[in-house]
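As you go down the protein sequences, you meet chains A, B and C in turn. This note's numbering puts the first sequence at residues 1 to 345. This note's numbering puts the second sequence at residues 346 to 627. This note's numbering puts the third sequence at residues 628 to 956. Here a beta-carbon is modelled for each residue, glycine too, at the ideal position from N, C-alpha and C. In what follows, a structure is listed as structure tokens, so that the remarks can point back to it.
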Amino acid sequence: MAVVETRNLTKVFKEGELGAVNNVNLETREGEFLVFLGPSGSGKTTLLRMIAGLEQPTAGEIRIGGRVVNHLSPRERRIAMVFQSYALYPHLSVYNNIAFPLKAQKVPKDQHSKKVEWAASLLGISSLLNRKPRELSGGERQRVALARAIVREPSVFLLDEPLSNLDAKLRASARAELESFHKRIGTTTVYVTHDQVEAMAMGDRVMVLNKGVVRQLGTPTDVYDHPADTFVATFLGSPPMNLLEKDEFIVGFRPEHLLPAELVPQAVINFRLKVKNTEYLGAEWILYGRVTEGKFEGKEVVSRLASAGSFQADQVYDFAIREEHLHFFDRHTEKRTEPKVLAWQ
Amino acid sequence: MRNALSQKILEHVSRWFVLVVFAVLLAFPFYWMLITTFKRTADLYTLENNPFKFNLPPTLDHLRLLFGQTKYVMWLENTAIVGAIVVGITLVLALPAAYALTRLTGRWGQRMGIAIFLTYLVPPTLLFIPLSRVVAILGLQDTIWSVVVVYPTFTVPFSIWLLMGFFKSIPRELEDAAMVDGLTRLGAFVKLVVPISLSGILTVVIFTFTLVTQEFVYALTFISTENNQMLGVGVPTFLVRGDVYYWGSLMAACLIASLPIAVLYNLFLDRFIAGFTVGAVK
Amino acid sequence: MAMKESGSGLEAKVPPEVVGVKTQDVDVAKVPWRRTPEGRARLLGIGLFSPAVLYLVALIGVPFVLAFVYAFTDVKVGSVSSHYVGLENFRSILQSPSFRKALGNSFIFTIVSQILVIIGSTILSVALKDRFHGRGFVRFLILLPWVAPISLGAIGWKWILDSLYSVISWVLVALHFYKPYSAPMWLGEPSLAMASVILVHTWRLLPFSTVIMLAGLTAIPKDIPEAAQVDGAGFFRTLFQITIPMMLPIINVAVLFGIIFTFTDMTVVYILTAGGPYDSTQVLPSLAFFTGILAGDLSQGAAISLFLVPILVVISYFMLRMAHGAEIA
């Protein structure tokens with residue numbers, strides 16, 4: 001088990017252009033489940049691959065367990081990686097897939113079957129050892145990939161969007177399996193995803209990236225309730241946070257906090273909304289409205305409700321929000337600032 | 346402990362070593378053709394001379410001989426004409442057949458496709474004896490028309506197979522949309538599928554042409570007169586007078602014939618591979 | 628509302644009065660199949676591929692049958708009539724030492740050159756796999772033997788292997804392996820001549836095989852060698868235990884084609900040695916040519932070339948099996 005650190009890590013693919021990864025500094029905690037979260041092109045996968053040793057950094061340092069590993073091959077870093085496609089060897093049986101790293105590391109032959117069986121039973125695939133990958137379902141393949149990763153007892157686990165190839169129904173159960181797996185073995189894990197639901201559910205901490213730059217590193221609560229800038233604020237949460245510009249500031253509030261006035265005690269801010277559209281999602285309603293009066297007249301906002309009562313399109317209603325649910329961002333830097341008392345109406 | 350950097354260097358060096366060795370071994374005969382073309386006969390046939398140097402100044406004599414005193418140009422013309430006509434025949438036969446087998450005949454059609462491909466495996470060295478009789482009966486003996494008639498036997502199966510690969514990569518929905526818009530099946534084929542596959546068709550044209558230029562057995566069997574002969578047979582046969590090989594001109598002939606084909610082939614190879622892998626991996 | 632499960636999902640059995648569409652009674656049986664869209668398409672398909680099929684039947688199928696017919700008759704060039712002679716042709720060629728040598732040579736040349744080609748093209752394709760500056764030019768050079776007309780490449784080699792002026796001889800003499808004028812006759816001594824033929828076949832097929840292998844190599848997803856790298860496999864282990872096993876199907880294709888091209892080729896032998904010295908490099912196709920065309924004995928020539936058929940059948944069988952396997956996978 002080890003701590004992964006990067007210092008000023010940068011990767012530039014094309015000279016003169018912005019790097020895929022720019023000056024990233026991070027330090028994992030022992031045994032934590034750290035999620036790299038960001039849209040495609042944010043550099044999260046490149047970052048992971050540099051930690052793995054599959055890409056060489058342009059600048060900066062990578063340390064695993066305290067020692068600098070920049071010049072070490074992947075094998076020498078004692079990491080294990082699960083690829084998005086799982087990368088199972090199609091011509092080898094499940095047993096031989098799991099045993100392959102042992103062979104490659106020249107582990108004595110008599111220890112192979114013991115270790116393979118241990119890894120297989122840990123993941124519940126002992127009955128599949130004789131099958132070939134093409135005979136397995138998506139969930140089973142994930143488990144084989146994990147078994148192959150863990151059989152080497154690595155100090156760090158790296159996972160590159162392992163759930164994105166599974167269909168939606170399977171994803172939830174596979175996710176739960178990954179979480180319980182991590183609880184059982186407790187190895188430091190770095191997990192890359194673009195799905196903020198996965199990040200929030202699984203991560204001990206979440207590192208939000210955009211365009212190769214770290215926007216925020218914190219617990220799920222930190223990034224959701226106290227986003228460091230407008231990117232983090234809108235990337236997490238669905239539907240995204242409402243952002244309204246006023247003077248030098250941007251005011252933000254989440255749709256679930258914008259509620260009908262009668263439901264908001266100690267309401268501070270009132271909005272009169274003309275409802276444009278409603279969506280019924282089964283467990284909740286999404287309401288799209290336009291502010292009809294005051295400083296934010298004409299702006300469009302979104303609200304999220306447990307029940308819609310009798311909201312109708314083209315009608316005007318009173319909505320409100322509590323002061324502590326407001327976020328303030330500087331209009332130019334887009335970074336979080338101190339709450340302001342503003343003249344609202 | 347070998348680190349990542351020295352590993353990379355070792356890989357680079359070995360790769361370059363392998364490439365240089367193979368490139369030299371494979372391309373050497375052509376380099377040799379090039380040198381021989383321009384070396385004086387006296388230089389060529391003096392054993393003591395270092396063959397890698399020009400011990401006497403280079404000469405254009407061999408080229409003059411080749412173009413002035415042999416039927417080389419005629420062979421080039423014959424081959425070009427035959428090539429063009431055979432390409433035409435091949436396209437006329439193979440394009441519709443490939444389309445039909447890809448789109449219109451279902452599983453049964455796939456089996457037909459395999460059967461057609463298998464005919465490509467029947468070699469000229471098996472068919473040439475009966476075909477020589479057929480050619481004689483048709484009265485095409487010793488003319489370029491004999492090969493014009495026979496060459497499509499190997500260009501057509503090959504082209505059908507290649508074209509099937511290209512057609513399979515065109516989504517069915519395009520033709521369906523065209524038919525909904527009012528075209529007939531045939532119209533969709535002619536006005537939509539063919540224009541889209543132009544690059545694939547061009548690839549087939551190039552490869553068919555190279556197959557024609559490379560052929561030897563049929564031309565050797567059916568054509569005997571110097572004037573009517575094709576390139577591949579004319580050069581080794583008629584540039585030898587008695588027992589004497591005119592090596593200078595021979596090598597010039599080989600080089601001049603090989604290089605343009607090589608350039609064309611390379612330009613279209615990537616397309617060919619794309620069509621090949623689609624066709625093979627269903 | 629009753630729900631009925633069918634092949635692709637759940638279909639609601641909807642009472643007719645709920646749906647606002649009226650169905651019309653159409654007597655489908657009355658329209659002949661050839662007028663239906665499906666029938667028309669089928670007919671069009673048949674029309675489109677018939678010309679090609681007819682041509683192939685006429686110029687491959689018929690001659691193929693004729694080859695068998697000739698083998699059992701005594702037809703010669705210029706003969707007006709022919710008579711059935713049973714197995715006479717086969718008997719006489721099986722007794723002929725040239726034939727037995729040619730049969731053996733066909734196998735030896737093919738097998739040895741194929742082994743060399745497979746090893747060489749595997750190495751070469753691995754070296755060519757990644758992009759680098761000048762790859763296009765290197766590929767051009769490497770492809771030359773395959774692209775050039777067979778006869779012209781063979782003639783080039785004939786000059787390189789010339790009994791007096793061979794550049795190979797010159798180099799060996801210069802390196803003092805041989806005394807001047809005493810270098811071997813590459814095409815004149817039986818075993819050397821055989822080696823030369825094998826060399827030219829290998830030289831010619833290497834590029835073709837390499838291109839096919841390259842296609843197979845690039846089809847391997849990038850993840851797999853990376854996973855092997857992370858698992859700790861070095862270059863050679865990855866190559867032999869992961870890459871090559873995954874390439875096996877494509878190696879099969881290259882081998883099958885290579886066998887056909889070498890086994891049925893007469894050009895290299897014809898140009899390089901004309902079968903000599905003393906039939907030591909004769910192969911089935913070249914022997915068939917000399918017997919059937921040059922000597923005019925069509926029926927014997929046909930009989931000799933028929934011995935190519937068993938190999939073709941075996942190869943076709945393997946190719947069909949592979950195509951079938953690819954369909955299933």
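Test: residue i CB closer than 8 Å to a CB of chain C
i: G577 of chain B; result: yes
i: V535 of chain B; result: no
i: L556 of chain B; result: no
i: M81 of chain A; result: yes
i: Q574 of chain B; result: no
i: Y317 of chain A; result: no
i: P265 of chain A; result: no
i: Y95 of chain A; result: no
i: K11 of chain A; result: no
C-beta atoms of residue i and residue j nearer than 8 Å
i: I769 of chain C; j: F412 of chain B; result: no
i: W773 of chain C; j: R831 of chain C; result: yes
i: T188 of chain A; j: A2 of chain A; result: yes
i: V910 of chain C; j: N732 of chain C; result: yes
i: T230 of chain A; j: L243 of chain A; result: yes
i: L814 of chain C; j: S790 of chain C; result: yes
i: L508 of chain B; j: G484 of chain B; result: no
i: P227 of chain A; j: R336 of chain A; result: yes
i: L379 of chain B; j: S594 of chain B; result: no
i: S93 of chain A; j: N130 of chain A; result: yes
i: I150 of chain A; j: A80 of chain A; result: yes
i: L146 of chain A; j: F181 of chain A; result: yes
i: V501 of chain B; j: T570 of chain B; result: no
i: S740 of chain C; j: H828 of chain C; result: yes
i: L37 of chain A; j: L209 of chain A; result: yes
i: G631 of chain B; j: K416 of chain B; result: In the structure as shown, chain B begins at 346 and stops at 627. Residue 631 of chain B is therefore absent and cannot be evaluated.
Residue i versus the options, residue with shortest Cα-Cα distance
i: Q315 of chain A; options: A:T337, A:V302, A:R322 and A:V275; result: A:V275
i: V492 of chain B; options: B:S594, B:A425 and B:P581; result: B:A425
i: L751 of chain C; options: B:A602, B:K384, B:V369 and B:T582; result: B:V369
i: R205 of chain A; options: A:I51, A:V223, A:S126 and A:K211; result: A:V223
i: P834 of chain C; options: C:G902, C:V744 and C:A781; result: C:V744
i: A685 of chain C; options: B:F375, B:L612, B:L531 and B:L472; result: B:L472
i: F759 of chain C; options: B:K416, B:G579 and B:H357; result: B:H357
i: S907 of chain C; options: C:S725, C:I687 and C:V680; result: C:S725
i: T333 of chain A; options: A:A20, A:F249 and A:Q312; result: A:F249
i: A564 of chain B; options: B:A598, B:S477 and B:V549; result: B:S477
Sheet register partners of residue i (DSSP bridge)
i: E279 of chain A; result: A:I286
i: S303 of chain A; result: A:L287
i: P260 of chain A; result: A:F319
i: Y590 of chain B; result: B:V585
i: H327 of chain A; result: A:G252
i: I673 of chain C; result: BP columns for I673 of chain C are empty, so no partner.
i: D225 of chain A; result: Note: D225 of chain A sits in no beta bridge, so no partner.
i: N346 of chain A; result: Residue 346 of chain A cannot be examined here, being either before or after the span of chain A that is shown, 1 to 345.
i: E245 of chain A; result: A:I250
Whole-number beta carbon distance between residue j and residue i, since they are thought to touch under 8 Å
i: Q559 of chain B; j: P776 of chain C; result: 4 Å
i: G672 of chain C; j: T450 of chain B; result: 5 Å
i: E27 of chain A; j: E5 of chain A; result: 5 Å
i: G428 of chain B; j: F567 of chain B; result: With a Cβ gap of about 16 Å, G428 of chain B and F567 of chain B do not count as contacting.
i: A442 of chain B; j: I505 of chain B; result: 5 Å
i: L88 of chain A; j: R49 of chain A; result: Contact doesn't hold; Cβ gap of about 19 Å is too wide.
i: I847 of chain C; j: T870 of chain C; result: 7 Å
CB contact check: residue i to chain B, cutoff 8 Å
i: M893 of chain C; result: yes
i: R766 of chain C; result: yes
i: R669 of chain C; result: yes
i: W786 of chain C; result: yes
i: G815 of chain C; result: no
is_contact[residue i, chain A] using C-beta, thresh 8 Å
i: M630 of chain C; result: Residue confidence is low: M630 of chain C scores 42 on pLDDT, short of 50, so the model does not pin down where it sits. No coordinate-derived value is stated.
i: V757 of chain C; result: Val is not the amino acid found at residue 757 of chain C; the sequence shown has Asp there. No, no contact with chain A.
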